[in-house]
Each structure stands twice: as structure tokens, then as C-alpha cells.
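Enquirer: Below you'll find the structure I mean.
If you want it as C-alpha cells, here you go:
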């Protein structure tokens, strides 16, 4: 508990804030007008907005949210497949966020699994894949699991499959995705659009407990910019900003680990072994972003018998027609627009009635900004009191 309190210390925050301003000033003297740092984790964005960290940054330092919400980037077609199967009597298991995730197109009057359930669809919300395994084994009916997540949750699917715990009647509709390829895609997109380039990567701590630091080091060196793997407390993120600014000042690339209490260079070797046994890397569609090479996980070898796409002859998502009309979630996910720049934000699209995918999950950038006022009051107050 004492350690957690340190990561929320006002005194330490003040000291770290002074270091941030020191490095920002030094970089400004070298001609850096904007130093854009991009995160790739919904929890990082939650901490940034909830604690008003943007308001503590000097004007030169811009903290930007990239693709870090697995629910937000799940292709509409995956949701549509799940809705259709649920209305045909196949039980669909999923998590609470995905239950509310809207598809782009209606399927028999439903745009989400919640609406499908209201129309008589067989939908069950669970807390884990193991909950679905136990329930499907007990009931014995045809069932699928809408598997959403990044590297963090992949072992939760791979281990039960590898150990033979999954009943034959339960199939996997995989929307599992890999984070570094999407980070690369988003960073390059800012350059292609002629926008201020990303200068540093705030890499996700949860993902890195599985992958280790090495993939981020490789990406950092490929793109020629620094990366810091960060924890999730306010001071974790502030320390990560200091580390990135220092690396930029020194002209260093590669990955450093701020979240040393959990992240190692090699990651969770056993978890990766199970993932590599059960899944193979594939090109995959990200909602609003199109198909990103080598960014998905699909079942392989003897485990293809659990593949819902094969079992039910379902079309593989290709990323086309993935966003509802007028929605700017694609730009928000890529860090190319702020939620408040979407004309639907907090009008047609609200947390209680989400129109686009970024407003559904607790890790969605739009949902976070809607709940905690990202870029609004907290930042103004911080500036007024001189922070």
C-alpha cells in the first residue's frame, strides 16, 4: 500500500513535473515546437484523463491516444456474425463491453448483442473464457465465444485450448489482435497525413507483461524514435514522459522499461509458448483502420476445429464499411482527431447510447473523455493554478 501511495504522491508529482518542464524547455531551444508522445493502451488514456495529466504538461508536450482499446477495434463484421448466430439459436458468450458494442449494419433488427438478446437471441455475458467453458460443457448446446483482446488476454484462450479443457460444442470467433503492428500503422499515418510526427512511444504495460520489452525495442529502432514501457499510476506515466523527453534530448532510440515491477525484457515465456502453440500470426482487420499485416491471431494446427469462422462458413472481416455514417472513431483510434472533434460526440453518441465503438468500452477514448472531461475543465484548472 505504501508503494501505491508513492505513485500518487503530490510532492513527487511536483518534482517530476519540474523535470518534464526542464527537458521540454531544452528541446524547445533545439527547435522542437511540439513533442507528440502516443500511448497504445486504454488504461493509460484513462489515467491521463482521470488525473488531468495533460494539464500538467508544458505546452510543447502533447499526449495522444493511439489504438489501445481492443473492443473499439473489433471489426463490425465480427459483431454481425455473433448477432446472426445468436438469433439462430447458437449461444454467444462475450464480455460486458462487447455486449454493448454496436455493429455498422443491423442484423434482423439488432445492431448489438444486447439488442439481439432483447429480440430473443441466445447471448450470455461472462467474466472469463473459463466461465464460458464451464457453462457450455454443462449445457451441451452449440456455442461460440466472441474472443476480443490484445496480447494480454491471449493466454487466457490459449492455455485452456492447449490443455484440452474446451468442449467440442464451444467454438472461438477470434478478434484477437497484436499491438506493435497497430502502433507502427498509427505512427506512420501521422506522417502520411502531413501532421506533426510522433516523437515517442508510451508502450502498454499490461501487454508487455506478456510480450516483454523486446518487440517495442524492435519497433522503436525500426521507426527511429524512443519507447518507454509504462505502468498505470499517475507517476508511472509522468516518469515515462521524463524518460522519453530525456531519450529525445540525447538522441537515443530503443525501448526502456519504467514498469520494472512487472515487465521484463523477455516477458512471460510460458504464456508466449502457449500462444504460439495454439495461434498463428495473420493479417487482420482493425475497425476503421483496414487490414494491418501480421496483426492478428488465428487458430492453427489441431486447434482449427475450434474456429467458428470455419465451423459456420463465416466471412473473414476485411475492414471495409466498418464505421457508421458520420462517426470519427477511426481518426480517434489512430490519434488523428480528439473525441471533441467528432460532430456526434455527446450528442448522438453518448456512454448510455453509444453510436460508435469508441464510446462503448471503459478503455475507449471517447468514453473516457465523456466520463472525465478529457481536454476540458481539469486542464484549464491546472493551467490557472500554474501547474
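Residue numbers (my numbering): 874 to 1260. Just so you know, even glycine gets a beta-carbon here, dropped at the ideal spot from N, CA and C. Bear in mind that the values here come from a model prediction, so they are computed numbers and not experimental data.
Could you name the residues of the same chain whose beta carbon sits closer than 7 Å to that of residue 922, not counting the 5 residues immediately before and after it, in chain order?
Expert: Sequence index remark: in the chain shown, residue 922 carries index 49 (1-based). 1241, 1242, 1245 and 1247, listed in sequence order.
Enquirer: Where does residue 1250 land, buried or exposed, given buried means 16+ other C-beta within 10 angstroms?
Expert: Translated into positions along the chain shown, residue 1250 becomes position 377. Annotation note: pLDDT 46 at residue 1250 (below 50); position unreliable, no value reported.
Enquirer: Buried or exposed, going by whether 16 or more other CB atoms sit within 10 Å of the CB of residue 1149?
Expert: Sequence index remark: in the chain shown, residue 1149 carries index 276 (1-based). Classification of residue 1149: exposed, given that the 10 Å Cβ count is below 16.
Enquirer: Can you list the beta strand (DSSP E) stretches of 3 or more residues lying completely in the segment 877-939, in chain order?
Expert: Runs of the beta strand (DSSP E) inside the segment 877-939: 908-912 and 934-938.
Enquirer: Hey, quick one: how far does the alpha helix (DSSP H) through residue 1011 stretch, first residue to last?
Expert: The count along the chain shown starts at 1 and reaches residue 1011 at position 138. Looking at the DSSP string, the run of the alpha helix (DSSP H) that includes residue 1011 is 1002-1012.
Enquirer: For residue 880, tell me which candidate among 1091, 1034, 1094 and 1105 has the shortest Cα-Cα distance.
Expert: Residue mapping note: residue 880 aligns to position 7 of the chain shown, counting from 1. Among 1091, 1034, 1094 and 1105, the Cα nearest to that of residue 880 is on 1105.
Enquirer: With DSSP run on the structure shown, which of helix, strand or coil describes residue 1193?
Expert: For this step, residue 1193 is matched to residue 320 along the chain shown. If DSSP states are grouped into helix, strand and coil, residue 1193 belongs with coil.
Enquirer: Closer than 6 Å by C-beta to residue 934: which residues in its own chain qualify, once you throw out the five before and the five after it? Chain order, please.
Expert: As a working mapping, residue 934 is identified with position 61 in the chain shown. Only 897 and 908 meet the Cβ criterion.
Enquirer: According to the neighbour-count rule (16 or more other Cβ atoms, all chains shown, within 10 Å of its Cβ), is residue 1000 buried or exposed?
Expert: Against the chain shown, residue 1000 aligns to sequence position 127. Exposed, because fewer than 16 other Cβ atoms sit within 10 Å of the Cβ of residue 1000.
Enquirer: At what residues does the beta strand (DSSP E) containing residue 1043 begin and finish?
Expert: Locating residue 1043 in the chain shown gives position 170, counting from the first residue. Run containing residue 1043: 1043-1049, per the beta strand (DSSP E) assignment.
Enquirer: Only counting the same chain, and skipping five residues up and downstream in sequence, which positions put a Cβ closer than 6 Å to that of residue 1259?
Expert: Taking the chain shown and counting its residues from 1, the one referred to as residue 1259 is at position 386. Any answer about residue 1259 is weak, because its pLDDT of 43 lies below 50 and its placement is not dependable; what the coordinates show is given next. If we look at residue 1259 and ignore the five residues flanking it on each side, it has no Cβ neighbours.
Enquirer: Taking 8 Å as the threshold (C-beta atoms), are residue 963 and residue 985 in contact?
Expert: What you label residue 985 is simply residue 112 of the chain shown in a count that begins at 1. What you label residue 963 is simply residue 90 of the chain shown in a count that begins at 1. Contact flag unset, no.
Enquirer: DSSP three-state label for residue 1184, please.
Expert: Against the chain shown, residue 1184 aligns to sequence position 311. Residue 1184 falls in the helix class under three-state DSSP.
Enquirer: Name the residue from 1220, 1112 and 1100 whose alpha carbon lies nearest to the alpha carbon of residue 1125.
Expert: Position 252 of the chain shown holds residue 1125. It is 1100.
Enquirer: Answer yes or no: do residue 1195 and residue 1161 have a C-beta to C-beta separation smaller than 8 Å?
Expert: What you label residue 1195 is simply residue 322 of the chain shown in a count that begins at 1. What you label residue 1161 is simply residue 288 of the chain shown in a count that begins at 1. In this structure, residue 1161 lies closer than 8 Å to residue 1195 by Cβ.
Enquirer: May I ask you to verify whether the segment 923-930 touches the segment 1090-1097, counting CB pairs closer than 8 Å and requiring at least 3?
Expert: Judged by Cβ distances under 8 Å, the segment 923-930 makes no contact with the segment 1090-1097, as fewer than three pairs qualify.
Enquirer: If you measure between the beta carbons of residue 989 and residue 1019, is that distance less than 8 Å?
Expert: If you number the chain shown from 1, residue 989 lands on position 116. If you number the chain shown from 1, residue 1019 lands on position 146. No, Cβ-Cβ distance for residue 989 and residue 1019 is not below 8 Å.
Enquirer: Less than 8 Å between the beta carbons of residue 937 and residue 1208, yes or no?
Expert: On the chain shown, residue 937 is found 64 positions in, with the first residue counted as 1. On the chain shown, residue 1208 is found 335 positions in, with the first residue counted as 1. Cβ distance < 8 Å, so residue 937 and residue 1208 count as in contact.
Enquirer: With 16 as the cutoff for other CB atoms within 10 Å, does residue 1054 come out buried or exposed?
Expert: Numbered from its first residue, the chain shown carries residue 1054 at position 181. Residue 1054 comes out buried.
Enquirer: Tell me the DSSP bridge mates of residue 966?
Expert: Within the chain shown, the letter at position 93 stands for residue 966. Beta-bridge pairing links residue 966 to 997 and 1018.
Enquirer: What is the DSSP secondary structure of residue 1222, reduced to helix, strand or coil?
Expert: The residue you call residue 1222 lines up with position 349 of the chain shown. Residue state, collapsed to three classes: strand.
Enquirer: Counting along the chain, where does the beta strand (DSSP E) carrying residue 1159 start and finish?
Expert: For the purposes of this step, residue 1159 is identified with residue 286 of the chain shown, where counting begins at 1. Counting along the chain, the beta strand (DSSP E) containing residue 1159 begins and ends at 1152-1159.
Enquirer: Check whether the segment 1072-1083 and the segment 899-913 are in contact - that is, three or more C-beta pairs closer than 8 Å.
Expert: Flag = yes, the segment 1072-1083 and the segment 899-913 touch.
Enquirer: Counting only runs of 4+ residues fully inside the segment 1089-1129, write out the alpha helix (DSSP H) ranges in chain order.
Expert: With a minimum length of 4 residues, the continuous alpha helix (DSSP H) runs that stay inside the segment 1089-1129 are 1107-1123.
Enquirer: I need the DSSP call for residue 1260, collapsed to helix, strand or coil.
Expert: Along the chain shown, read from residue 1 onward, the residue named residue 1260 stands at position 387. Because the pLDDT of residue 1260 is 43, which lies under 50, any placement of that residue in the model is unreliable, and the question is left without a value.
Enquirer: Is the beta carbon of residue 1098 within less than 7 Å of some heavy atom of the ligand MG?
Expert: Absence of the ligand MG from the depicted structure is noted, as is the absence of any ligand whatsoever, leaving it without description.
Enquirer: Residue 948 by DSSP, collapsed to three states: which one?
Expert: Within the chain shown, the letter at position 75 stands for residue 948. Coil.
Enquirer: Quick check: the Cα distance between residue 1211 and residue 1133, rounded to an integer number of angstroms?
Expert: If you number the chain shown from 1, residue 1211 lands on position 338. If you number the chain shown from 1, residue 1133 lands on position 260. So the two alpha carbons sit approximately 31 Å from each other.
Enquirer: Tell me whether residue 1171 is buried or exposed, calling it buried when 16 or more other Cβ atoms sit within 10 Å of its Cβ.
Expert: What you label residue 1171 is simply residue 298 of the chain shown in a count that begins at 1. Counting Cβ neighbours within 10 Å, residue 1171 comes out buried, since at least 16 surround it.
Enquirer: Can you give me the start and stop residues for the beta strand (DSSP E) that residue 1168 sits inside?
Expert: For the purposes of this step, residue 1168 is taken as the residue at position 295 of the chain shown. Taken as a continuous stretch (DSSP letters only), the beta strand (DSSP E) holding residue 1168 covers 1163-1172.
Enquirer: Please classify residue 1073: does DSSP put it in a helix, a strand, or coil?
Expert: For the purposes of this step, residue 1073 is taken as the residue at position 200 of the chain shown. If DSSP states are grouped into helix, strand and coil, residue 1073 belongs with the strands.
Enquirer: Can you give me the C-alpha to C-alpha distance between residue 980 and residue 1096, rounded to a whole angstrom?
Expert: Position 107 of the chain shown, counted from the first residue, corresponds to residue 980. Position 223 of the chain shown, counted from the first residue, corresponds to residue 1096. Computed Cα separation, rounded: 42 Å.
Enquirer: Give the single residue among 889, 918, 888 and 1015 whose Cα lies nearest to the Cα of residue 1270.
Expert: Outside the shown range of the chain, which is 874 to 1260, sits residue 1270, and nothing can be said about it.
Enquirer: Might you give, ordered along the chain, the residues of its own chain that have their beta carbon closer than 8 Å to the beta carbon of residue 987, omitting 5 neighbours on each side?
Expert: As a first step, residue 987 must be located in the chain shown, where it is residue number 114. Cβ within range, chain order: 972, 973 and 996.
Enquirer: Let me know the secondary structure DSSP gives residue 980 once reduced to three states.
Expert: Along the chain shown, one-based indexing puts residue 980 at 107. Three-state DSSP puts residue 980 in a strand.
Enquirer: Here's the rule: buried if 16 or more other CB atoms are within 10 angstroms of the residue's CB, otherwise exposed. What is residue 1123?
Expert: Along the chain shown, read from residue 1 onward, the residue named residue 1123 stands at position 250. That one is exposed.
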